[in-house]
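Asker: The structure that follows is given in the form of structure tokens.
Residue numbers (my numbering): 7 to 182.
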């Protein structure tokens, strides 16, 4: 399956929706200005990560439809798998048939430093900051930022760390 690359705003909105019990996108907690929320939601709809469902709370309306009335947005099972959430969410049944449109494939670059970082963290024994610095050429603060920002927040991966005698702090990702 092709990995969908999310922008920071998309990841924040999608993560918040997936964290909710009902999977609803609204109310959006991200601090976005102007029409940014609309643009992000349109993109997520296009990729099949969220879907339109009838709104039961008028404070969460995405748009109004002449035929179906108020419409809101909900995260799809693809959203959960894209964020690395393995358990199947219990989606409320709304009587609508699931859409079968496949999201557009997203081209992902290979051979990136982020890819190398993930591989090092998934290797047996994990990796230290110094080892990652030597392999990527990044500064130590960049490595820590990539782990907390790109891996944890954006990709939703669970980075763990522990002190290992003679080696220092070792960071790991669970095997894929």
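Every residue gets a Cβ at the ideal spot worked out from N, C-alpha and C, and that includes glycine. The model shown is predicted, which means the values in this text are computed figures rather than measured ones.
1. From residue 71 to residue 54, what does the alpha carbon distance come to, in whole angstroms?
2. How is the alpha helix (DSSP H) around residue 69 delimited, first residue to last?
3. With burial defined as no fewer than 16 other Cβ atoms inside 10 Å of the residue's Cβ, what is the status of residue 12: buried or exposed?
4. Would you mind sorting residue 160 into buried or exposed? The rule is 16 or more other CB atoms within 10 Å of its CB.
5. Where residue 49 and residue 158 are concerned, what is the direct C-alpha to C-alpha distance, given to the nearest angstrom?
6. Does the Cβ of residue 15 have 16 or more other Cβ atoms within 10 Å, making it buried, or fewer, making it exposed?
7. Should residue 127 be labelled buried (16 or more other beta-carbon atoms within 10 Å of its own) or exposed?
8. Does the distance from the CB of residue 154 to the CB of residue 89 come in under 8 Å?
Answerer: With the given structure in hand:
1. By 1-based counting over the chain shown, the position of residue 71 is 65. By 1-based counting over the chain shown, the position of residue 54 is 48. The straight-line gap from Cα to Cα measures roughly 20 Å.
2. Mapped onto the chain shown, residue 69 falls at position 63. It is not in any alpha helix (DSSP H) - residue 69 instead sits in the beta strand (DSSP E) that spans 69-71.
3. Counting from 1 along the chain shown, the entry for residue 12 is found at position 6. Buried, because 16 or more other Cβ atoms sit within 10 Å of the Cβ of residue 12.
4. As a first step, residue 160 must be located in the chain shown, where it is residue number 154. Buried.
5. Within the chain shown, the letter at position 43 stands for residue 49. Within the chain shown, the letter at position 152 stands for residue 158. Rounded to whole angstroms, residue 49 to residue 158 spans 22 Å at the Cα level.
6. Locating residue 15 in the chain shown gives position 9, counting from the first residue. So residue 15 ends up on the buried side.
7. Position 121 of the chain shown holds residue 127. Residue 127 should be labelled buried.
8. Within the chain shown, the letter at position 148 stands for residue 154. Within the chain shown, the letter at position 83 stands for residue 89. Their beta carbons are not under 8 Å apart, which means residue 154 does not touch residue 89 by this criterion.
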